[in-house]
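Asker: Just passing along the structure, written as structure tokens.
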Amino acid sequence: MKILVTGGAGFIGSNLIRHLLNQPDISVLNIDKLVFPGSYHTIEDLDKLPGTKYRFAAIDICDYKALNDLFREYSPDAVMHLAAESHVDRSIATPESFIQSNIVGTYQLLNTAKHYWDDLETGRKDEFKFLHVSTDEVFGSLSLDAPPFSETHPYQPNSPYSASKAGSDHLARAWHHTYGLPVIISNCSNNYGPHQFPEKLIPLMIIKAVRGESLPVYGDGGNVRDWLYVEDHVTALFEIIKHGRPGDTYNIGGCCELSNNDVVQSICSILDELLHDSKHRPHKSLIRYVTDRPGHDRRYAMDITHINKTLGWSPKYEFKEALRKTVMWYLDNNHWCEKVMENSYNGERLGLI
Ligand SMILES: NC(=O)c1ccc[n+]([C@@H]2O[C@H](COP(=O)([O-])OP(=O)(O)OC[C@H]3O[C@@H](n4cnc5c(N)ncnc54)[C@H](O)[C@@H]3O)[C@@H](O)[C@H]2O)c1
Numbered sequence: 025m026k027i028l029v030t031g032g033a034g035f036i037g038s039n040l041i042r043h044l045l046n047q048p049d050i051s052v053l054n055i056d057k058l059v060f061p062g063s064y065h066t067i068e069d070l071d072k073l074p075g076t077k078y079r080f081a082a083i084d085i086c087d088y089k090a091l092n093d094l095f096r097e098y099s100p101d102a103v104m105h106l107a108a109e110s111h112v113d114r115s116i117a118t119p120e121s122f123i124q125s126n127i128v129g130t131y132q133l134l135n136t137a138k139h140y141w142d143d144l145e146t147g148r149k150d151e152f153k154f155l156h157v158s159t160d161e162v163f164g165s166l167s168l169d170a171p172p173f174s175e176t177h178p179y180q181p182n183s184p185y186s187a188s189k190a191g192s193d194h195l196a197r198a199w200h201h202t203y204g205l206p207v208i209i210s211n212c213s214n215n216y217g218p219h220q221f222p223e224k225l226i227p228l229m230i231i232k233a234v235r236g237e238s239l240p241v242y243g244d245g246g247n248v249r250d251w252l253y254v255e256d257h258v259t260a261l262f263e264i265i266k267h268g269r270p271g272d273t274y275n276i277g278g279c280c281e282l283s284n285n286d287v288v289q290s291i292c293s294i295l296d297e298l299l300h301d302s303k304h305r306p307h308k309s310l311i312r313y314v315t316d317r318p319g320h321d322r323r324y325a326m327d328i329t330h331i332n333k334t335l336g337w338s339p340k341y342e343f344k345e346a347l348r349k350t351v352m353w354y355l356d357n358n359h360w361c362e363k364v365m366e367n368s369y370n371g372e373r374l375g376l377i
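Counted from 1, the sequence shown has number 322 at position 298 by this note's numbering; the numbering is strictly sequential.
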């Protein structure tokens with residue numbers, strides 16, 4: 025099976041590709057424009073794989089011609105679309121690139137896939153799938169006592185990021201209903217794990233705590249997210265591409281609701297334990313409450329009944345154990361952090377108006 029993955033130099037995409045390449049009979053074409061050029065460091069070892077199992081193309085998904093040429097030449101059996109501008113804070117500061125990559129880019133990719141799929145011979149046409157990977161943030165903010173989001177929850181995006189992802193979900197849905205393209209949509213909660221760019225909460229807190237810098241927690245730190253280890257997300261995506269039903273939508277979540285306070289304090293306790301000689305112990309003394317994110321959603325949580333009943337998927341990793349693995353990974357891979365952040369990000373606050 026030949027799978028075209030977009031955004032494969034990013035956090036979830038690179039973990040997904042490693043998982044796919046461990047399966048027999050799967051090869052991957054990775055398309056990524058390297059928003060942070062240092063991200064190539066995340067995947068450069070894959071270029072050394074022998075044979076035709078893996079290929080990388082540094083392409084922008086807004087470039088219809090480049091996409092079209094690659095589809096015709098590679099001839100994929102499936103598409104897993106993860107490329108996106110992904111950081112809410114950046115979307116507040118510079119929304120335009122989010123509209124461009126997430127909405128226009130998804131449109132160009134759907135359009136290319138449709139023209140390619142139209143021309144496939146019958147057997148391959150029937151088997152083809154296009155998985156559009158999205159987020160729980162499209163559903164908006166939950167009150168603390170509301171039930172988790174189901175697949176039929178109304179879309180109520182509140183940030184430029186979630187609005188751009190919602191727009192792309194609607195396009196993906198329309199390309200299925202109007203043109204018959206076998207599109208599946210997945211909406212997932214907050215991920216954590218190795219290779220997450222250090223501007224996101226968990227890696228940022230780890231890196232700052234190790235350096236002895238203050239740990240900026242937005243608002244009162246009570247915002248709740250449903251945390252999922254990236255390896256669990258990747259196995260869900262693989263189940264969906266193998267057995268998911270075109271036209272369907274799957275919610276994916278960790279069944280692990282925690283406030284930012286809980287998460288940051290857990291990171292601090294793990295670091296206290298792992299770095300017993302650190303002069304910054306107890307690391308929780310570095311926590312500082314800072315101005316909240318504009319429009320900060322209070323709570324997200326996912327109801328995973330549908331994917332569990334239809335595909336038998338549920339998360340396997342327990343939070344404390346997987347967070348510990350994640351902290352250890354960042355401690356062991358400081359060189360990776362330095363490389364990907366080089367000339368692009370140095371831990372500064374983003375997204376204040
Ligand atoms: N991280 C999460 O917690 C989370 C949760 C749910 C859904 N998602 C979704 O999963 C996907 C991957 O998220 P991530 O956390 O790995 O993000 P990421 O920012 O780490 O990776 C995204 C990748 O897409 C690439 N990209 C961006 N614009 C592009 C363009 N125009 N053309 C080609 N490549 C482009 C970037 O270079 C980057 O490598 C996104 O669609 C995101 O919305 C993420």
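We put the CB at the ideal spot given by N, CA and C, even for glycine.
#1: Evaluate the contact criterion for the stretch 268-283 versus the stretch 301-309: three or more CB pairs, one atom per stretch, below 8 Å.
#2: Expressed to the nearest angstrom, what Euclidean distance is found between the alpha-carbon atoms of Lys77 and Val29?
#3: Please classify Ser238: does DSSP put it in a helix, a strand, or coil?
#4: When the Cβ atoms of the stretch 209-224 are set against those of the stretch 155-165, are three or more pairs found closer than 8 Å?
#5: Any idea if Ile265 is buried or exposed, counting beta-carbon neighbours within 10 angstroms, 16 or more meaning buried?
#6: Relative to the C-alpha of Ile230, which candidate in Cys292, Asp193, Thr202 and Leu205 has its C-alpha closest?
#7: Under DSSP, the beta strand (DSSP E) around His105 begins and ends at which residues?
#8: Give the range of the alpha helix (DSSP H) segment to which His304 is assigned.
#9: Answer yes or no: the CB of Ser238 versus the heavy atoms of ligand 3, is any distance below 8 Å?
#10: In three-state terms, what does DSSP make of Lys266?
#11: Quick one: residues in its chain with C-beta nearer than 6 Å to the C-beta of Tyr253, no 5 flanking neighbours on either side, listed in chain order?
#12: When DSSP labels each residue in this structure, what does Cys279 get in the three-state scheme?
#13: With respect to the beta strand (DSSP E) encompassing Val248, which residues constitute its N-terminal and C-terminal limits?
#14: Would you give the residue range spanned by the beta strand (DSSP E) that Tyr98 belongs to?
#15: Quick check: Ser63 and Phe221, are their CB atoms within less than 9 Å of each other?
#16: With respect to the alpha helix (DSSP H) encompassing Asn46, which residues constitute its N-terminal and C-terminal limits?
#17: Nearest to Gly268 by CA position, among Gly336, Ser174 and Ser283, is which residue?
#18: Kindly give me the distance between the Cβ atoms of Leu58 and Ala82, rounded to whole angstroms, as I take these residues to be in contact under 8 Å.
#19: So if DSSP puts Lys344 in a beta bridge, which residue, or which two residues, is it bridged to?
Answerer: The answer reads as follows:
#1: No, the stretch 268-283 does not touch the stretch 301-309.
#2: Numbered from its first residue, the sequence shown carries residue 77 at position 53. Numbered from its first residue, the sequence shown carries residue 29 at position 5. Taking the straight line from one Cα to the other gives about 13 Å.
#3: In the sequence shown, counting from the first residue as 1, residue 238 sits at position 214. Coil.
#4: yes
#5: Position 241 of the sequence shown holds residue 265. Ile265 is buried by the Cβ-count criterion.
#6: Residue 230 sits at position 206 when you count from the first residue of the sequence shown. Ranking Cys292, Asp193, Thr202 and Leu205 by Cα distance to Ile230 puts Cys292 first.
#7: Against the sequence shown, residue 105 aligns to sequence position 81. Unbroken beta strand (DSSP E) run through His105: Ala102 to His105.
#8: Position 280 of the sequence shown, counted from the start, is the residue given in the question as residue 304. Taken as a continuous stretch (DSSP letters only), His304 belongs to no alpha helix (DSSP H), as it is neither H nor E.
#9: Only ligand 1 can be found as ligands here, which leaves ligand 3 out of the picture.
#10: Mapped onto the sequence shown, residue 266 falls at position 242. Note: Lys266 maps to helix in three-state DSSP.
#11: On the sequence shown, residue 253 is found 229 positions in, with the first residue counted as 1. Cβ within range, chain order: Gly217, Tyr341 and Ala346.
#12: Working through the sequence shown from its first residue, we reach residue 279 at position 255. The answer is coil: DSSP assigns Cys279 none of H, G, I, E or B.
#13: Sequence index remark: in the sequence shown, residue 248 carries index 224 (1-based). Run containing Val248: Val248 to Asp250, per the beta strand (DSSP E) assignment.
#14: Stepping through the sequence shown from its first residue, residue 98 is reached at position 74. Looking at the DSSP string, Tyr98 is not in any beta strand (DSSP E); the run it does join, the alpha helix (DSSP H), is Tyr88 to Tyr98.
#15: Within the sequence shown, residue 63 is the residue found at index 39, counting from 1. Within the sequence shown, residue 221 is the residue found at index 197, counting from 1. Result yes, Cβ atoms of Ser63 and Phe221 sit closer than 9 Å.
#16: Stepping through the sequence shown from its first residue, residue 46 is reached at position 22. Element bounds for Asn46: n/a, residue is neither H nor E.
#17: By 1-based counting over the sequence shown, the position of residue 268 is 244. Of the listed residues, the one whose Cα sits closest to Gly268 is Gly336.
#18: For the purposes of this step, residue 58 is taken as residue 34 along the sequence shown, with counting starting at 1. For the purposes of this step, residue 82 is taken as residue 58 along the sequence shown, with counting starting at 1. Contact holds; Cβ gap of about 6 Å.
#19: As a working mapping, residue 344 is identified with position 320 in the sequence shown. Lys344 pairs with nothing; no bridge assigned.
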